[in-house]
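Undergrad:
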Amino acid sequence: MNLSGLENERLLAALRGVLAAKNLVSAAEIAERIAITDQASPAQGAAMVARAWTDAGFRARLLACGTRAAEEFGIMMRGAPPLGVLENVPGLHHLVVCTLCSCYPRAVLGYPPFWYKSVAYRARAVRDPRGVLAEWGTTLPEGTRIRVVDSTADYRWMVLPLRPAGTEGWDEAALAALVREGDMVGVTLPRLP
Amino acid sequence: MSEFAPGTRVRVRLDWPELRGPVHIRTPHYVRGREGTVLRPLGRFANPEDLAFARPAAVLPLYHVRFEQRALWPEVVAADEVVVEIFGPWLEAA
Numbered sequence: 017m018n019l020s021g022l023e024n025e026r027l028l029a030a031l032r033g034v035l036a037a038k039n040l041v042s043a044a045e046i047a048e049r050i051a052i053t054d055q056a057s058p059a060q061g062a063a064m065v066a067r068a069w070t071d072a073g074f075r076a077r078l079l080a081c082g083t084r085a086a087e088e089f090g091i092m093m094r095g096a097p098p099l100g101v102l103e104n105v106p107g108l109h110h111l112v113v114c115t116l117c118s119c120y121p122r123a124v125l126g127y128p129p130f131w132y133k134s135v136a137y138r139a140r141a142v143r144d145p146r147g148v149l150a151e152w153g154t155t156l157p158e159g160t161r162i163r164v165v166d167s168t169a170d171y172r173w174m175v176l177p178l179r180p181a182g183t184e185g186w187d188e189a190a191l192a193a194l195v196r197e198g199d200m201v202g203v204t205l206p207r208l209p
Numbered sequence: 040m041s042e043f044a045p046g047t048r049v050r051v052r053l054d055w056p057e058l059r060g061p062v063h064i065r066t067p068h069y070v071r072g073r074e075g076t077v078l079r080p081l082g083r084f085a086n087p088e089d090l091a092f093a094r095p096a097a098v099l100p101l102y103h104v105r106f107e108q109r110a111l112w113p114e115v116v117a118a119d120e121v122v123v124e125i126f127g128p129w130l131e132a133a
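Below, the structure is given as structure tokens:
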């Protein structure tokens, strides 16, 4: 099969045409979904993390139901899979992977980074998480257990990292600027610049 | 179908539907036949094994199940764990 760009465009146009003809998905709905997906970025997840670090009520709501907390934050979650938030605590660190494909909390983190979709990451995260973290230069405190979360079904997972020491008194915007996408997958930890 | 409370020891069915024909399975191979502990129910979702083929799909309970790393991989010595989303019909009481 020819999968050149031109052929992809023709296939996509044909699929859109059939979906619209059968009243399954309209062109407007597809455009809306593309806009939502393009708008999503790790900055949204980082802002939620910073809010959780500074607002105990929001933290509790975020952990209870990520979807509702994200909506409260103004993030469009309609049609998105339910969002679960994994709370790192002293002694327990979460690492998210999707061994079967590349399930990712796109609504709050945007498109998955290339390494998240790689066969190597997907195979090794569940079998050698400590080796993976070492290659990222991530050192966990002694005695920390790793809980790898394999995103195999209907939920999408993001990690709520521990607030780094030395950020006492920082405002939400400064805290959000510390949080990178890897921190919310669990391969890295937020650190001061 | 039985429902599983948090803390219940369960075994993932040792089954390979892949050998019987085209399938869409969300239960990873590395937990099949292995024992774990139900962390919590995650709600009920339409069975992806049917959705993938546009068949009528039963709504099934989904669980977060925790496995000891050491129970899954022979070389692991760390006391780490893997948590996997697994649909009820794949689980049996251990």
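Sequences listed follow chains A and B, in order. Converting from the first sequence to our numbering requires adding 16 to each position, the first position being numbered 1. Converting from the second sequence to our numbering requires adding 39 to each position, the first position being numbered 1. Backbone N, C-alpha and C define an ideal beta-carbon position, used for all residues, glycine too.
1) For B:P56 and chain A, any beta-carbon pair shorter than 9 Å?
2) Can you confirm whether B:A117, when its beta carbon is compared against all beta carbons of chain A, has any partner nearer than 9 Å?
3) Alpha carbon to alpha carbon, what distance is there between A:L176 and A:G90?
4) Alpha carbon to alpha carbon, how far is A:A96 from A:A123?
5) According to DSSP, B:T76 sits in a beta bridge with which residue or residues?
6) Quick check on A:D54 - is its C-beta less than 9 Å from some C-beta in chain B?
7) Is the number of C-beta pairs between the stretch 153–165 of chain A and the stretch 101–113 of chain A that are closer than 8 Å three or more?
8) Thinking C-alpha only, which one of B:E107, B:A91, B:I64 and B:E120 is nearest B:F126?
9) So for B:T82, helix, strand or coil by DSSP?
10) Hey, could you find the ends of the alpha helix (DSSP H) A:R26 is sitting in?
11) Just to confirm the assignment: which complete alpha helix (DSSP H) runs, minimum length 4, are found wholly within the stretch 114–150 of chain A?
12) Name the chain A residues that come within less than 9 Å of B:E88, Cβ to Cβ?
13) At the 9 Å Cβ level, is A:T168 part of the contact set with chain B, yes or no?
14) Any beta carbon of chain A sitting closer than 9 Å to that of B:P67?
TA: Taking the definition as stated:
1) No, B:P56 lies away from the interface with chain A (no Cβ there is under 9 Å from its Cβ).
2) At a cut-off of 9 Å between beta-carbon atoms, B:A117 makes contact with chain A.
3) Roughly 19 Å between the two C-alpha positions.
4) Taking the Cα positions, A:A96 is about 7 Å away from A:A123.
5) The secondary-structure analysis by DSSP pairs B:T76 across a beta bridge with B:R48 and B:R105.
6) Interface residue (Cβ-Cβ distance to chain B less than 9 Å): A:D54 is not classified as such.
7) Taking 8 Å as the limit for Cβ pairs, the verdict is that the stretch 101–113 of chain A does touch the stretch 153–165 of chain A.
8) Restricting attention to B:E107, B:A91, B:I64 and B:E120, the CA atom closest to the CA of B:F126 is found in B:I64.
9) The residue you asked about is not Thr; residue 82 of chain B is Gly in the sequence shown. Reduced to three states, the DSSP call for B:G82 is strand.
10) Counted as a single uninterrupted DSSP element, the alpha helix (DSSP H) harbouring A:R26 occupies residues G21 to A37.
11) Every unbroken stretch of the alpha helix (DSSP H) spanning 4 or more residues and falling wholly within the stretch 114–150 of chain A is given here in chain order: 122–125, 130–133 and 135–143.
12) Under the 9 Å cutoff, chain A gives no residues; its nearest Cβ is about 11 Å from B:E88.
13) Answer yes: the Cβ-Cβ gap between A:T168 and chain B drops below 9 Å somewhere.
14) Yes, because at least one Cβ of chain A sits closer than 9 Å to the Cβ of B:P67.
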